[in-house]
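Chemist: The structure under discussion is supplied below as structure tokens; questions concerning it will follow.
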Amino acid sequence: QKEVEQDPGPLSVPEGAIVSLNCTYSNSAFQYFMWYRQYSRKGPELLMYTYSSGNKEDGRFTAQVDKSSKYISLFIRDSQPSDSATYLCAMEVGGSYIPTFGRGTSLIVHP
Amino acid sequence: EAGVVQSPRYKIIEKKQPVAFWCNPISGHNTLYWYRQNLGQGPELLIRYENEEAVDDSQLPKDRFSAERLKGVDSTLKIQPAELGDSAVYLCASSLGTPNEQFFGPGTRLTVL
Chain A
36 QKEVEQDPGP
46 LSVPEGAIVS
56 LNCTYSNSAF
66 QYFMWYRQYS
76 RKGPELLMYT
86 YSSGNKEDGR
96 FTAQVDKSSK
106 YISLFIRDSQ
116 PSDSATYLCA
126 MEVGGSYIPT
136 FGRGTSLIVH
146 P
Chain B
74 EAGVVQSPRY
84 KIIEKKQPVA
94 FWCNPISGHN
104 TLYWYRQNLG
114 QGPELLIRYE
124 NEEAVDDSQL
134 PKDRFSAERL
144 KGVDSTLKIQ
154 PAELGDSAVY
164 LCASSLGTPN
174 EQFFGPGTRL
184 TVL
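Chains as they are written, first to last, in the numbering used here: chain A, 36 to 146; chain B, 74 to 186.
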């Protein structure tokens, strides 16, 4: 079993839909949680960075962390075709400076 | 502000040939990472530098891979000799350290024939 599990998809939704992307993890020492967006043939781009449990909002994006369930989510409101990309979750043990990435979920938002 | 620069963007080589990748991090970022990303997978760390010191290279296959970061700025990752299984995207990232918000370059897509 991998430390970070993420469904590869693809997840296909209509424009304007609310998207929910999720990751589970097994290492209870993870303290930092990140979401990256990766367009085809580009490097990952950091979207959200959270430390504690709870919600963090940034525009149309909301990151949610539930440490008790070892489960993190990224919600995208009013999804746009430009949101079509692969979304990678990543987690880090405090002080390690080494993130462990999920395999990414491919999201397709169709007009 | 310029992002992380990598070159070349694409490289096709025959197996057993050497290959080198170059990375220029964001100015002022003391931490530099090299990752390998296989198709359909997330990035996996190869090596992490703090300034010019390699502080984590446990995942670097040292029999064929080497890296250096002279003067704590640019970095080079080398493979010699390349094998078919080395075909992947090699990503460079940099950060200020704390918090560990990493900025990635576009990657070098390596194909070994």
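Glycine included, every Cβ here is placed at the ideal spot set by N, Cα and C.
1) Please state whether DSSP places Ala144 (chain B) in a helix, a strand or coil.
2) Candidates B:Ser100, B:Gln132, B:Arg82 and B:Val92: which alpha carbon is nearest Arg76 (chain A)'s?
3) Can you name the start and end residues of the beta strand (DSSP E) that Glu92 (chain A) belongs to?
4) Could you give the first and the last residue of the continuous beta strand (DSSP E) run that contains Ile133 (chain A)?
5) Under the three-state reduction of DSSP, which class applies to Asp129 (chain B): helix, strand or coil?
6) Identify, in the order they occur along the chain, each residue of the same chain with its Cβ nearer than 6 Å to the Cβ of Asp147 (chain B), setting aside the five sequence neighbours on each side.
7) What number of angstroms, rounded off, separates the C-alpha of Gly44 (chain A) from the C-alpha of Ser141 (chain A)?
8) Per DSSP, what kind of secondary structure is Ser47 (chain A) in: helix, strand or coil?
9) Have a look at B:Ser100, B:Leu133 and B:Ile85 and flag the residue whose alpha-carbon is nearest the alpha-carbon of Asn32 (chain B).
10) Look at Gly115 (chain B) and Val128 (chain A) and say whether their C-beta atoms are less than 9 Å apart.
11) Excluding sequence positions up to five away, which residues of its chain have a Cβ less than 7 Å from the Cβ of Arg138 (chain A)?
12) Can you find a C-beta in chain A that's less than 9 Å from the C-beta of Gly158 (chain B)?
13) What does a CB cutoff of less than 7 Å around Gln153 (chain B) pick up in its chain, not counting 5 residues either side in sequence?
14) Is there a C-beta anywhere in chain A that falls below 9 Å from the one on Glu117 (chain B)?
15) Between the stretch 162-179 of chain B and chain A, which residues of the former have a C-beta closer than 9 Å to a C-beta of the latter?
16) Identify every residue that forms a DSSP beta bridge with His145 (chain A).
17) In terms of residue numbering, what span does the beta strand (DSSP E) encompassing Glu123 (chain B) cover?
18) Pick out whichever of A:Gln66, A:Ser114 and A:Gly130 has its Cα sitting closest to the Cα of Leu56 (chain A).
19) State yes or no: is the C-beta of Pro134 (chain A) within less than 9 Å of the C-beta of Asn173 (chain B)?
20) From the DSSP output, in three-state form, read off Leu186 (chain B) for me.
21) Thinking C-alpha only, which one of A:Ser61, A:Phe68, A:Gln36 and A:Tyr132 is nearest Leu109 (chain A)?
22) Counting only beta-carbon separations shorter than 9 Å, does Pro45 (chain A) have a partner in chain B?
23) Any beta-carbon of chain A closer than 9 Å to the one on Arg182 (chain B)?
24) For Leu82 (chain A), which of helix, strand or coil comes out of DSSP?
Modeler: With the structure as the only source:
1) In the sequence under discussion, the amino acid at residue 144 (chain B) is Lys, which differs from the Ala named in the question. Three-state result, Lys144 (chain B): helix.
2) B:Arg82
3) Gly89 to Asp93
4) Where Ile133 (chain A) is concerned, there is no enclosing beta strand (DSSP E), given that its DSSP letter is neither H nor E.
5) strand
6) Asn97
7) 5 Å
8) strand
9) There is no way to answer for residue 32 (chain B), as the model of chain B reaches only from 74 to 186.
10) no
11) Gln41 and Pro43
12) no
13) Pro91 and Arg137
14) yes
15) Val162, Leu164, Cys165, Ala166, Ser168, Gly170, Thr171, Pro172, Asn173, Glu174, Gln175, Phe176, Phe177, Gly178 and Pro179
16) A:Pro49
17) Glu117 to Glu123
18) A:Ser114
19) yes
20) coil
21) A:Phe68
22) no
23) yes
24) strand
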